Every structure is written in structure tokens, then in C-alpha cells.
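Remarks on the structure that follows.
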Amino acid sequence: DKDEAMDDLLVKYLLKEATPEESSLAENWIAASPDHHRYYEGLKQVWQTSRQEGVTDSPDTQKAWRRFQREVITTGNRTTPVQTIRTPDMPSRTVTMKRLFAAAAVLLVLITGGWLLYHQLRLSPGQLYSVISQDQIRTVTLSDGTVITLNKHSKLDYPIKFSSKNRTVRLQGEAFFNVAQQTDRPFIVQVNNLTVTVLGTSFNIDEKHGSTEVIVETGRVKVTDRRSSVQLSAHEKIMVHQGNGTLKKVPVSGQLYDYYRTGLFVCHKTPLRELLSMLGEVYDVPVVIADSSLGDLPLTTTFHRDQPLDTILSIISQTFNQVNFRRQGEEIILTRSAHP
Numbered sequence: 001d002k003d004e005a006m007d008d009l010l011v012k013y014l015l016k017e018a019t020p021e022e023s024s025l026a027e028n029w030i031a032a033s034p035d036h037h038r039y040y041e042g043l044k045q046v047w048q049t050s051r052q053e054g055v056t057d058s059p060d061t062q063k064a065w066r067r068f069q070r071e072v073i074t075t076g077n078r079t080t081p082v083q084t085i086r087t088p089d090m091p092s093r094t095v096t097m098k099r100l101f102a103a104a105a106v107l108l109v110l111i112t113g114g115w116l117l118y119h120q121l122r123l124s125p126g127q128l129y130s131v132i133s134q135d136q137i138r139t140v141t142l143s144d145g146t147v148i149t150l151n152k153h154s155k156l157d158y159p160i161k162f163s164s165k166n167r168t169v170r171l172q173g174e175a176f177f178n179v180a181q182q183t184d185r186p187f188i189v190q191v192n193n194l195t196v197t198v199l200g201t202s203f204n205i206d207e208k209h210g211s212t213e214v215i216v217e218t219g220r221v222k223v224t225d226r227r228s229s230v231q232l233s234a235h236e237k238i239m240v241h242q243g244n245g246t247l248k249k250v251p252v253s254g255q256l257y258d259y260y261r262t263g264l265f266v267c268h269k270t271p272l273r274e275l276l277s278m279l280g281e282v283y284d285v286p287v288v289i290a291d292s293s294l295g296d297l298p299l300t301t302t303f304h305r306d307q308p309l310d311t312i313l314s315i316i317s318q319t320f321n322q323v324n325f326r327r328q329g330e331e332i333i334l335t336r337s338a339h340p
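Residue numbers are given in the working numbering: position 86 of the sequence shown equals residue 86, and the series is strictly consecutive.
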């Protein structure tokens, strides 16, 4: 059918196997609409991923390929015609077009837990897709152009195609949202018992142990629970603790929340306790403040995520000569220095 013919043409164009006339047809089709462009970019992303990871014939891949045939390639009695091509980076090997995209999709399944391309482009509105970041930071681009960065051990559920009224997703864990602006369709994040509604902005949500923190970087959002709602502007945040649904906004000092996306711990008059709490979480080392007054010390600086923890603590000690860090078992203890 027409869809199959266009798929074949795009494959040939992607692999630089198309004639000048075919290339012109493909380019005109891609430029015809944003949906066409996103479709082609998705195909290209799958192909690039397959080239980076390498196509193998391991038993696991073959098993996943057979599953892919049953669940994807033959869906709706539709199959991709088999044509033999030679991949640019593997001149000694030929693969069929079907195996090319099947292997690429299999790699996405095995590497990123995804059927992202297929689900985004083929399934009907209302069907949900889940991305689980596990031990790696993941970046997801939704069909509306919204870019979401998931921190480790987080999960995002979203519809393959958004409805005409709103764009609703569900989050478990932590993620940074850079939302594409669409004034007629608000973007909604459901997390714990909160609903975060925006039209176009960037913000971070961190949900753990039943508590939820929402920090706005740019724009404005509305946070709603069962009883009330609050508006947050840039550089404001709320923290809602389990069992206490009070929505109270406070100013944000620095950009510690964004470390997993930027690789930086940015402090701007940030209370020392906030930085130490973040460092303890990131480096998986509990930091105990023995003298609570030291936790109020304001710090303005930037640390890199790849700096060793001991280096960061040493710089903090040099900045505040009244503080001292010592290791005790698996903990790091912050005490007041005997010689300020």
C-alpha cells in the first residue's frame, strides 16, 4: 500500500540508496508536514542507534527478532518487502530492510527498554507507553516536541498521541521537563496526589518516599492537590510531604535540582545543608550535620558532578574555615572546627 511504499522510499533515502528522483520525492514528503518530519527523524534515530551499537546475530537478538516479527512487523497483516542492501559501515555484510529496522528496534528494546519509535508512529491515541530509566539518565522527546530528562530509577507514562484537549503524562521519580508551548493544550503531569499544569515552561519534579518537590526554572505552572492549588513562577518551588498536603511555595537558591541533566551542582546563597543533602544522595554516602547551625551557612559556587566527593568537601572546608568533615564508618560527619 501507499504507507509501505513510502516506508521503502524513506529507507532507501536514509541509506543513500535512492535515485535522484526518489530522493526528491522523499525530501518533498518529509517537508510536507511536521508529522512527516518527526516520522523520518524517528527512523533516522533508530538507524543511528543500530549503527552505534552494532547489529549482531546473538541468540538473544534472534529471539527478540522473532518476537518483533510477531508483534510489530506483521501487525495488521502488514509486512515490509524484503530487499537486500549493503550497510555503509559493514561492507562485508548484507541485511534485508526488514532485518535492518527489526534489529534496530530490537536494540532499542534491549538497550533503552523502548518500542518508542513504533509506538509513537503506529499506535492509536490513548494507548500508553512507559519509559523506565533504571540505572541511566534518559532523555525522551514526546510527539509534541516536549523534551523530558529522566533521572535514574524513574518512570514516565505517556500516551502515544495526545488528545486534542490536553497533554497528560504520569511520573514516578524525578524528571526535568522542557515543555513545548501550545496555548490550546495544557501540559499536565500527574505525580503522587498532585497535578502540575503548564502551557509551556521548564521545571523539575522530584518524587520520592511519598514526598514531591516541584521547582520552576522558566515560565509558570499551577500545582493542584485534592484541596487547593498554588501558582509557581520561575525560581520558586513547593515541597509536599506525605501526610501533609499543604502547598506552600518558597524561593529556590541555586540549581542543585538540575545536576543530573547539566552535570553541575550550582549554588547561589544555597544553605549548606541543601548541598550536603544532595551530595549524600548523589554519592550514596550519608552526610550528618552534628552542629545544626552550620547547615544555614550560605554557599555560592559551582561544583562538577565528576569531581570526587572528598575534593568537594575539601573546597567547602576551605570556604568555611569553621567547618570540618570526618568519616565515621559509612557516614560523613560535619562538625564545627576547633580552630576557626
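Using N, Cα and C, we set each Cβ at its ideal position, and we do this for glycine too. A quick note: this is a predicted structure, and the numbers were derived from the prediction, not measured.
Would you give the residue range spanned by the beta strand (DSSP E) that residue i belongs to?
| i | result |
| --- | --- |
| T270 | 264 to 271 |
| N324 | 323 to 328 |
| T335 | 331 to 336 |
| Y129 | 128 to 132 |
| V179 | Element bounds for V179: n/a, residue is neither H nor E. |
| L150 | 147 to 150 |
| V140 | 138 to 141 |
On a CA-only basis, which of the options is nearest residue i? Give me that one, please.
| i | options | result |
| --- | --- | --- |
| S337 | T311, D291, S163 | D291 |
| A26 | Y40, P34, D35 | Y40 |
| Q172 | A180, Y158, T183, F162 | Y158 |
| G210 | T146, V198, V191 | V191 |
| E330 | V287, F176, V223 | V287 |
| S133 | T141, L150, T302, G145 | L150 |
| S202 | H235, I137, G42, W29 | H235 |
Determine the burial state of residue i: buried for a count of at least 16 other Cβ atoms within 10 Å of its Cβ, exposed for fewer.
| i | result |
| --- | --- |
| R327 | exposed |
| K269 | exposed |
| S253 | buried |
| Y13 | buried |
| Q120 | Below a pLDDT of 50, predicted positions are generally treated as unreliable, and Q120, at 41, falls in that range; the measurement from the model is reported next regardless. The residue is buried, with at least 16 neighbouring Cβ atoms inside 10 Å. |
| K16 | exposed |
| E207 | buried |
| S154 | buried |
| S58 | At S58, the pLDDT of 42 sits below 50, so the modelled position is not reliable; the number obtained from the coordinates is stated separately. Flag for S58 reads exposed. |
| S164 | exposed |
| T218 | exposed |
| Q255 | buried |
| T74 | With a pLDDT of 38 at T74, under the threshold of 50, the modelled position of that residue is not reliable, and no figure is offered here. |
Can you name the residues that DSSP bridges to residue i?
| i | result |
| --- | --- |
| V189 | V169, V196 |
| H304 | L264 |
| S211 | K208 |
| R220 | S233 |
| P159 | L128 |
| P298 | P271 |
Quick one: give me the first and last residue of the alpha helix (DSSP H) that residue i is part of.
| i | result |
| --- | --- |
| T319 | 309 to 319 |
Item to check | Segments assigned alpha helix (DSSP H), at least 4 residues, entirely inside the region 3 to 51 | outcome: For the region 3 to 51, the continuous alpha helix (DSSP H) assignments of 4+ residues that do not extend past its boundaries occur at 20 to 31, in sequence order.
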